[in-house]
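The structure under discussion appears below in the form of structure tokens.
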Amino acid sequence: MNIDESSILKNLRDPSTVRVGFSMLVKQFSQSLYWKIRQIVLSHDDADDVLQNTFIKVWNNLDQFEGKSSLSTWLYRIAINESLDFLRKKKQELDIDIDADVSVANRLLADDFFDGDEMQALLQEAISRLPEKQRVVFNMKYYDGMKYSDMSKILGTTEGALKASYHIAVQKITEFLKAHH
């Protein structure tokens, strides 16, 4: 079901229909945001948690949305920031290298929600080893086919820097896959 952004915004801007607008927003964007988050945090449960946090943050910051970008760009930016915050917190909690036997690839292959093969699991493993920003840029370009100009609006980084990040990410992933295949 596709609801257009202008009708969601109209409802969000009117105090008497703000809840209706918010539930339209959740209905419209939940699935796409879930998959964007999932590409960054990898596990289903973590993606679910981050999605909840994203919508809480959206609800609490509705008055901050000025309409300079599209609603989807604004939501995407919040979801990515929430995902990266989540990873940082998780890294601090763990702050140890995860044993090789519970590598990302092995965890994915054991995850009921993951429907890929071993090569796709290895690709995810390679992506997970990238620095956060490179991982986000790679996912946006490779999986979403996003233009650098749109990525620049979401991430607040120059197109040149994004192209460089993507190029480095591709090199690192290629090297990883060559070494593990």
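Sequence positions in the sequence shown follow full-length UniProt numbering and run 1 to 181.
Beta carbons: idealized from backbone N, C-alpha and C, even for Gly.
Would you say T54 lies against chain B (beta-carbon separation less than 8 Å)?
In summary, chain B is missing from the structure at hand, where a single protein chain is found.
When we look at the beta-carbon of Y76 and count the other beta-carbons within 10 Å, is it buried (16 or more) or exposed?
Residue 76 sits at position 76 when you count from the first residue of the sequence shown. So Y76 counts as buried.
Using the three-state DSSP reduction, which class does T73 fall into: helix, strand or coil?
Your numbering for residue 73 matches position 73 in the sequence shown. Three-state DSSP puts T73 in a helix.
Is the segment 162–179 touching the segment 57–68, taking contact as three or more C-beta pairs under 8 Å?
no
Please report the Cβ distance between L122 and L177, rounded to the nearest whole angstrom; I am assuming they are in contact, meaning their Cβ atoms lie under 8 Å.
As a working note, residue 122 is residue 122 in the sequence shown. As a working note, residue 177 is residue 177 in the sequence shown. Indeed they touch by this definition, with Cβ atoms about 6 Å apart.
Looking at C-alpha atoms only, which residue of L25, A47, R135 is the closest neighbour of H167?
Mapped onto the sequence shown, residue 167 falls at position 167. Out of L25, A47, R135, R135 has the C-alpha closest to the C-alpha of H167.
Just how far apart, CA to CA, sit G156 and D63?
Numbered from its first residue, the sequence shown carries residue 156 at position 156. Numbered from its first residue, the sequence shown carries residue 63 at position 63. Cα to Cα, G156 sits roughly 20 Å from D63.
For Y34 and L51, which I take to be in contact (beta-carbon distance under 8 Å), what is that distance rounded to the nearest angstrom?
Walking along the sequence shown from the start, residue 34 turns up at place 34. Walking along the sequence shown from the start, residue 51 turns up at place 51. The Cβ separation is near 5 Å, so the contact holds.
Please state the DSSP three-state secondary structure of R129.
Within the sequence shown, numbered from 1, the residue matching residue 129 stands at position 129. The answer is coil: DSSP assigns R129 none of H, G, I, E or B.
Quick one, are the C-beta atoms of Q28 and I3 less than 8 Å apart?
Taking the first residue of the sequence shown as position 1, residue 28 is located at position 28. Taking the first residue of the sequence shown as position 1, residue 3 is located at position 3. In this structure, I3 lies closer than 8 Å to Q28 by Cβ.
By the 10 Å Cβ neighbour count, where 16 or more other Cβ atoms means buried, how is K68 classified, buried or exposed?
By one-based count along the sequence shown, residue 68 stands at place 68. With fewer than 16 Cβ atoms within 10 Å of its Cβ, K68 is classed as exposed.
Using the C-alpha atoms, what's the distance from K153 back to V170?
For this step, residue 170 is matched to residue 170 along the sequence shown. For this step, residue 153 is matched to residue 153 along the sequence shown. Each residue's alpha carbon lies about 22 Å from the other.
Going by C-alpha distance, which of N53, S43, D46 is nearest V26?
Numbered from its first residue, the sequence shown carries residue 26 at position 26. Considering only alpha carbons, the answer is N53.
Who are the Cβ neighbours of V18 in its own chain at under 8 Å, not counting the five residues just before and after it?
Locating residue 18 in the sequence shown gives position 18, where the first residue counts as 1. Excluding positions up to five away in sequence, the list reads N11, L12, L62.
Between which residues of its own chain and D46 is the CB-CB distance below 7 Å, once the five residues before and five after are set aside?
Here residue 46 corresponds to residue number 46 of the sequence shown, with the count starting at 1. Answer for D46: F86, listed in chain order.
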